[in-house]
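Q: In this note's numbering, the protein residues as written are 985 to 1123.
Would you mind keeping the following structure in view while I ask a few things?
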Amino acid sequence: MLKEFKEFAMRGNVIDMAVGIVIGAAFGKIVSSFVADIVMPPIGLITGGVDFSDLFINLSGGTATTLEAAKEAGDVTINYGLWVNSVVDFVIVAFAIFIVVKQMNRLKKEVPPPPPPPPAPPSAEEKLLTEIRDLLKAR
């Protein structure tokens, strides 16, 4: 059983997938930071100084003005600002993956199909039949 697992784990596809997952996780953190720290602050400034990560609906009827204060008070909230941040994260990651896949497909060289083999020379029987046909035509 251990041998089978080793064979499975050492396949090229499994190793490639593991590397992809690790790199993807690191890339996800970079994108999240990019969205939260670089993209959303200017958007918040354009929309009147709104901090999207602090937008919420308080379902408990509390008077908390920030999400942190609502959580400390134990209020039930719908955190739609954090959801907007997550949507922006997703769009950026999806676009980056699209660009990478598109470039990989463009760079991937298509292997042309092998040329068809030349037709086989006529067999001795076919040659004989051709000669007979030609003799009959000549009569």
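For glycine and all other residues, C-beta sits at the position ideal for the given N, C-alpha and C.
1. Cα separation between residue 1108 and residue 1090?
2. Could you tell me if residue 1069 is buried or exposed, where buried requires 16 or more neighbouring beta carbons within 10 angstroms of its beta carbon?
3. Pull up the distance between the alpha-carbon of residue 1041 and that of residue 1024, whole angstroms please.
4. Alpha carbon to alpha carbon, how far is residue 1092 from residue 1027? Give it in angstroms, no decimals.
5. Return yes when the Cβ of residue 1077 is within less than 8 angstroms of the Cβ of residue 1032, no when it is not.
6. Bridge partners of residue 1062, per DSSP?
7. Considering only residues of the same chain and omitting the five flanking positions on each side of residue 1063, which have a CB-CB separation below 7 angstroms?
8. Distance, Cα to Cα, residue 1047 vs residue 1005?
9. Quick one: Cα of residue 1110 to Cα of residue 1116, how far?
10. Measuring straight from C-alpha to C-alpha, what distance separates residue 1002 and residue 1010?
11. Here's the rule: buried if 16 or more other CB atoms are within 10 angstroms of the residue's CB, otherwise exposed. What is residue 1122?
A: Answer, in terms of the structure:
1. Start at 1 with the first residue of the sequence shown, and residue 1108 comes out as number 124. Start at 1 with the first residue of the sequence shown, and residue 1090 comes out as number 106. When rounded, the distance between both Cα atoms is 50 angstroms.
2. For the purposes of this step, residue 1069 is identified with residue 85 of the sequence shown, where counting begins at 1. By the neighbour-count definition (other C-beta atoms within 10 Å, threshold 16), residue 1069 is a buried residue.
3. For the purposes of this step, residue 1041 is taken as the residue at position 57 of the sequence shown. For the purposes of this step, residue 1024 is taken as the residue at position 40 of the sequence shown. Rounded to whole angstroms, residue 1041 to residue 1024 spans 19 angstroms at the Cα level.
4. Counting from 1 along the sequence shown, the entry for residue 1027 is found at position 43. Counting from 1 along the sequence shown, the entry for residue 1092 is found at position 108. In this structure, the alpha-carbon of residue 1027 lies about 38 angstroms from that of residue 1092.
5. In the sequence shown, the residue the question calls residue 1032 occupies position 48. In the sequence shown, the residue the question calls residue 1077 occupies position 93. In this structure, residue 1077 does not lie closer than 8 angstroms to residue 1032 by Cβ.
6. The residue labelled residue 1062 in the question sits at position 78 within the sequence shown. In the DSSP output, where bridge partners are listed per residue, residue 1062 has 1041.
7. In the sequence shown, the residue the question calls residue 1063 occupies position 79. So the list reads 1040, 1051, once near-sequence residues are dropped.
8. Within the sequence shown, residue 1047 is the residue found at index 63, counting from 1. Within the sequence shown, residue 1005 is the residue found at index 21, counting from 1. About 42 angstroms.
9. Against the sequence shown, residue 1110 aligns to sequence position 126. Against the sequence shown, residue 1116 aligns to sequence position 132. Rounded to whole angstroms, residue 1110 to residue 1116 spans 10 angstroms at the Cα level.
10. The residue you call residue 1002 lines up with position 18 of the sequence shown. The residue you call residue 1010 lines up with position 26 of the sequence shown. Their Cα atoms are separated by approximately 13 angstroms.
11. As a working note, residue 1122 is residue 138 in the sequence shown. It counts as exposed.
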